[in-house]
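Protein chains: 2
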Amino acid sequence: MSSHVKSPAEQAAQRVARAAGDAPAHERLASALRGLIDDGILRPGDPLPGDAALVAATGLARGTVRQAVAALRAEGLVQTRQGARTTVLARPRLQPFSELVSFTAWARQAGAEPGARVVELVRRPADPATAEPLQLADGALAWTLTRVRLLDGVPVMVERAAYPEPIGDLLVGADLEHGSVYDTLAARGVEVASGHHRISAVGADPGTAALLNLRPGEPLLRQARTVFGPDGAPLEHSVDDWRGDAIALDAVNSAQGNRLARRPRG
Amino acid sequence: MSSHVKSPAEQAAQRVARAAGDAPAHERLASALRGLIDDGILRPGDPLPGDAALVAATGLARGTVRQAVAALRAEGLVQTRQGARTTVLARPRLQPFSELVSFTAWARQAGAEPGARVVELVRRPADPATAEPLQLADGALAWTLTRVRLLDGVPVMVERAAYPEPIGDLLVGADLEHGSVYDTLAARGVEVASGHHRISAVGADPGTAALLNLRPGEPLLRQARTVFGPDGAPLEHSVDDWRGDAIALDAVNSAQGNRLARRPRG
DNA sequence: GAGTGGTCTAGACCACTTG
DNA sequence: AAGTGGTCTAGACCACTCT
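Chains A and B, in that order, give the protein sequences.
Mapping of the first sequence onto our numbering: position 217 corresponds to residue 217, and the numbering continues sequentially without gaps.
So the mapping is simple: our numbering equals the position in the second sequence, first residue as 1, plus 1000.
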């Protein structure tokens, strides 16, 4: 028997075959290619196997192969140009959607223990600054939740979240000091599909400074976010004030598409 | 002659037809749909015309139509779910790639007059913090450019950029107080294709504070970016410190993909 | 000129949502 | 049950890059 060094395309095909399950073929191929990059088999600057090679190795149609490569491009993992080989880029570790929205999911993935101290949970008429993003009528009721978020017991962020009344009602009685709000909502059939974010730098006001053990005026990274359900209805609007020394955000952008992620500062 | 109200799909087809030129069909269709949303003909919550309607109205193949809709989804303009109609989302005004990278392009698009005051342009051995993102060998020479960036004459940002020697050489003698570095590089055949960004909040050090007319310690939004050419080679690494009251960044994210944009704060 | 990625067609079946 | 978007195939031609 002859044994020969497997080409990246063949290795990708092997991984696709091994990865059983019901995921679509283009997703399995994308994961396989991601794996080759993660494992250093394909390194920054290397060419990705061409469409033709992937078609030959996997037996998939070219359209399906291109769908997989398009996903990598959107993630900023590879770069494509017409006529030239697709090349692997230096890897900025970006995170999936859930980890940009959920403090709990993000902390766990980063290997830290997430926590929360509830400052306040009240229902009252929404002020204009929260009514607008939540698309509430004037004077409509909203739940407001203020929490100090902890990483391994250390306060790193103050979260001031507002929920439309029917959503907030689902949170009453939930364990807001340990569980994730999104897990709680998911258990009650409310799914989260997308979010808008506005990031800025502000000085800490005295109240926030006290909650975060800072001096007033110290720099905070403010992440104001609105989260939407699958039907586009707003589920939550939150203003998160992070200790400036606690996090940074990563983004990749290109002519083809951008991504954004939050990461701890080292 | 019977005249009837045109369906959104028909209006899209009309715009595709009117938009002459050599852009690919899927791009023309995406632009047409974007236009319907921009003009308020399709409003947040409305359903986008279905694949079938767009195929019928435009005469394109379904694959091409889906390519157009995928672009809108990646931009956060619409949301799709299997089985349900594609719906238009509340519109977060995001910007194309060039405006996230280029101060000049961004300022012009925002209706302000961009400017710059050059503090320093020198060539020296790169320190480790710049050598690493630029993938330079130890002790290799790099050009360092420090500028105060102005919006309508007001200082809003301090830019500390570093360039590999061959790139920086192209900037010597260029008008760095008015033109865009990227325009200068483009005129010399150097194209920019993608960028990585890391966003954080820091307190102003005394030097930066003085350049921006701030007190030391006041909050800054720091955007550290590395810009790459079409072949993935690093062209520039820059640390931009923005006055906290000058800008915010907008991002959209979903299970399908994220984008990021910078916008002035009101 | 050979090879690459970009575009496009014309079908098909399936999973899912909705009335 | 009908209609929607998601997946996939098997072709084809073109624009571009590379050597």
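Using N, Cα and C, we set each Cβ at its ideal position, and we do this for glycine too.
Keep in mind the model is a prediction, meaning the values are calculated, not measured.
Problem set entry | C-beta neighbour in chain A for B:E1177, strict 8 Å | Position 177 of the second sequence holds residue 1177 of chain B. No, no contact with chain A.
Exercise. Helix, strand or coil: which one does DSSP assign to A:P216?
Worked result: Residue 216 of chain A sits at position 216 when you count from the first residue of the first sequence. Residue state, collapsed to three classes: coil.
Exercise. Can you find a C-beta in chain A that's less than 8 Å from the C-beta of B:D1218?
Worked result: Within the second sequence, residue 1218 of chain B is the residue found at index 218, counting from 1. The question names Asp, but residue 1218 of chain B in the sequence shown is Glu. Taking Cβ atoms only, chain A reaches closer than 8 Å to B:E1218, which makes this a yes.
Exercise. Considering A:P125, what are the terminal residues of the beta strand (DSSP E) in which it resides?
Worked result: Locating residue 125 of chain A in the first sequence gives position 125, counting from the first residue. Element bounds for A:P125: 114–125.
Problem set entry | Inter-residue Cα distance where the pair is B:Q1082 and A:Q223 | Stepping through the second sequence from its first residue, residue 1082 of chain B is reached at position 82. Stepping through the first sequence from its first residue, residue 223 of chain A is reached at position 223. For B:Q1082 and A:Q223, the distance between alpha carbons rounds to 30 Å.
Exercise. Fully enclosed by the region 1029–1059 of chain B, which alpha helix (DSSP H) runs are 4 residues long or longer?
Worked result: 1051–1058
Exercise. Would the region 1173–1187 of chain B and the region 225–244 of chain A be scored as touching if the rule is three or more Cβ pairs under 8 Å?
Worked result: no
Exercise. Name the residues in the region 98–109 of chain A whose C-beta lies less than 7 Å from a C-beta of chain B; which are they?
Worked result: L100
For this session: Taking B:A1112 and B:V1148 to be in contact with their CB atoms under 8 Å, please state how far apart those CB atoms are, rounded to whole angstroms.
Result: Locating residue 1112 of chain B in the second sequence gives position 112, counting from the first residue. Locating residue 1148 of chain B in the second sequence gives position 148, counting from the first residue. Rounded, the Cβ-Cβ distance is 15 Å, inconsistent with contact.
For this session: Identify the contact partners of B:V1252 in chain A, using a Cβ-Cβ distance below 8 Å as the criterion.
Result: For the purposes of this step, residue 1252 of chain B is taken as residue 252 along the second sequence, with counting starting at 1. The contacting residues are S194, G195, H196, H197.
Exercise. Are at least three pairs of beta-carbons, each pair with one atom in the region 1011–1028 of chain B and one in the region 201–218 of chain A, less than 8 Å apart?
Worked result: no
Exercise. Buried or exposed: A:V5, going by 16 or more other Cβ atoms within 10 Å of its Cβ?
Worked result: Along the first sequence, read from residue 1 onward, the residue named residue 5 of chain A stands at position 5. Exposed, because fewer than 16 other Cβ atoms sit within 10 Å of the Cβ of A:V5.
For this session: Report back the beta-carbon spacing between B:R1142 and B:L1136 to the nearest angstrom; my notes put them in contact at under 8 Å.
Result: Position 142 of the second sequence holds residue 1142 of chain B. Position 136 of the second sequence holds residue 1136 of chain B. According to the sequence provided, residue 1142 of chain B is Ala. The question's Arg does not apply to it. Contact holds; Cβ gap of about 6 Å.
For this session: Note the first and the last residue of the continuous beta strand (DSSP E) segment covering A:E159.
Result: Taking the first residue of the first sequence as 1, we reach residue 159 of chain A at position 159. From DSSP, the beta strand (DSSP E) with A:E159 extends over 154–164.
Exercise. Based on the DSSP secondary-structure assignment, which residues constitute the bridge partners of A:R222?
Worked result: The count along the first sequence starts at 1 and reaches residue 222 of chain A at position 222. According to DSSP, A:R222 bridges with A:S200, A:D241.
Exercise. Looking at chain B, which residues of the region 137–160 of chain A have a Cβ within less than 8 Å of any of its Cβ atoms?
Worked result: none
Exercise. Counting only beta-carbon atoms, is B:L1249 nearer than 8 Å to chain A?
Worked result: Locating residue 1249 of chain B in the second sequence gives position 249, counting from the first residue. Chain A, which has a Cβ nearer than 8 Å to the Cβ of B:L1249, makes this yes.
For this session: Tell whether a beta-carbon distance below 8 Å holds between B:L1054 and B:V1088.
Result: Translated into the one-based positions of the second sequence, residue 1054 of chain B becomes position 54. Translated into the one-based positions of the second sequence, residue 1088 of chain B becomes position 88. Not a contact, by the Cβ cut-off of 8 Å.
Problem set entry | Range covered by the beta strand (DSSP E) that runs through B:V1148 | The residue you call residue 1148 of chain B lines up with position 148 of the second sequence. Element bounds for B:V1148: 1141–1151.
For this session: Look at the Cβ atom of A:E120, then the Cβ atom of A:S238, and state whether they are nearer than 8 Å.
Result: If you number the first sequence from 1, residue 120 of chain A lands on position 120. If you number the first sequence from 1, residue 238 of chain A lands on position 238. Taking 8 Å as the Cβ cut-off, A:E120 and A:S238 do not qualify as a contacting pair.
For this session: Spatial neighbours of A:A52 within its chain, please: CB distance less than 6 Å, with the 5 preceding and 5 following residues excluded, ordered by chain position.
Result: As a position in the first sequence, residue 52 of chain A is number 52, starting the count at 1. Excluding sequence neighbours, A:A52 sits near nothing in its chain.
Exercise. Within 10 angstroms of its Cβ, does B:R1018 collect 16 or more other Cβ (buried), or is it exposed?
Worked result: Here residue 1018 of chain B refers to the residue found at position 18 of the second sequence. Counting Cβ neighbours within 10 Å, B:R1018 comes out exposed, since fewer than 16 surround it.
For this session: Could you check the C-alpha separation between B:R1124 and B:A1246 for me, to the nearest Å?
Result: In the second sequence, counting from the first residue as 1, residue 1124 of chain B sits at position 124. In the second sequence, counting from the first residue as 1, residue 1246 of chain B sits at position 246. Whole-angstrom Cα-Cα distance: 32 Å.
Problem set entry | Residue of A:R43, A:M157, A:E10 minimising C-alpha distance to A:T146 | Numbered from 1 along the first sequence, position 146 holds the residue referred to as residue 146 of chain A. Checked all of A:R43, A:M157, A:E10; the closest Cα to A:T146 is A:M157.
Problem set entry | Per-residue DSSP class, three states only, for B:R1265 | Against the second sequence, residue 1265 of chain B aligns to sequence position 265. Low confidence applies to B:R1265: its pLDDT is 49, below 50, so where it sits in the model is not reliable, and the reading given next is rough at best. Residue state, collapsed to three classes: coil.
Exercise. Hey, B:V1122 and B:T1144 are a contact pair by Cβ (cut 8 Å); roughly how many whole angstroms apart?
Worked result: Taking the first residue of the second sequence as position 1, residue 1122 of chain B is located at position 122. Taking the first residue of the second sequence as position 1, residue 1144 of chain B is located at position 144. So it is a contact: roughly 6 Å between Cβ atoms.
Exercise. Taking 8 Å as the CB-CB cut-off, is B:V1239 touching chain A?
Worked result: Here residue 1239 of chain B is taken as the residue at index 239 of the second sequence, counted from 1. Not one chain A Cβ lies under 8 Å of B:V1239.
For this session: Kindly indicate the opening and closing residues of the alpha helix (DSSP H) around B:D1022.
Result: Looking up residue 1022 of chain B in the second sequence gives position 22. B:D1022 -> no alpha helix (DSSP H), and no H or E assigned at all.
Exercise. Between the C-alpha atoms of A:D152 and A:I167, what's the straight-line distance to the nearest angstrom?
Worked result: As a first step, residue 152 of chain A is located in the first sequence; it is residue number 152 there, counting from the start. As a first step, residue 167 of chain A is located in the first sequence; it is residue number 167 there, counting from the start. Looking at the two C-alpha atoms, the distance is approximately 29 Å.
Problem set entry | Inter-residue spacing [alpha-carbon to alpha-carbon] between A:D46 and B:V1192 | The residue labelled residue 46 of chain A in the question sits at position 46 within the first sequence. The residue labelled residue 1192 of chain B in the question sits at position 192 within the second sequence. Roughly 19 Å between the two C-alpha positions.
For this session: Helix, strand or coil for A:T87, going by three-state DSSP, please let me know.
Result: Sequence index remark: in the first sequence, residue 87 of chain A carries index 87 (1-based). Reduced to three states, the DSSP call for A:T87 is strand.
For this session: Check whether the Cβ atoms of A:A134 and A:A162 sit closer than 8 Å, and answer yes or no.
Result: Within the first sequence, the letter at position 134 stands for residue 134 of chain A. Within the first sequence, the letter at position 162 stands for residue 162 of chain A. According to the sequence provided, residue 134 of chain A is Leu. The question's Ala does not apply to it. Yes; because the gap between Cβ atoms is below 8 Å, this pair is in contact.
For this session: Tell me whether B:Q1079 is buried or exposed, calling it buried when 16 or more other Cβ atoms sit within 10 Å of its Cβ.
Result: Working through the second sequence from its first residue, we reach residue 1079 of chain B at position 79. Under this definition B:Q1079 is a buried residue.
Exercise. So is B:R1081 in contact with chain A if we call contact Cβ pairs under 8 Å?
Worked result: For the purposes of this step, residue 1081 of chain B is identified with residue 81 of the second sequence, where counting begins at 1. Yes, contact with chain A.
Exercise. Looking at chain A, which residues of the region 1029–1042 of chain B have a Cβ within less than 7 Å of any of its Cβ atoms?
Worked result: none
Exercise. Shorter than 8 Å from the beta carbon of A:G168 to some beta carbon of chain B?
Worked result: Residue numbering aside, residue 168 of chain A sits at position 168 when the first sequence is read from its first letter. No - not a single Cβ of chain B is within 8 Å of the one on A:G168.
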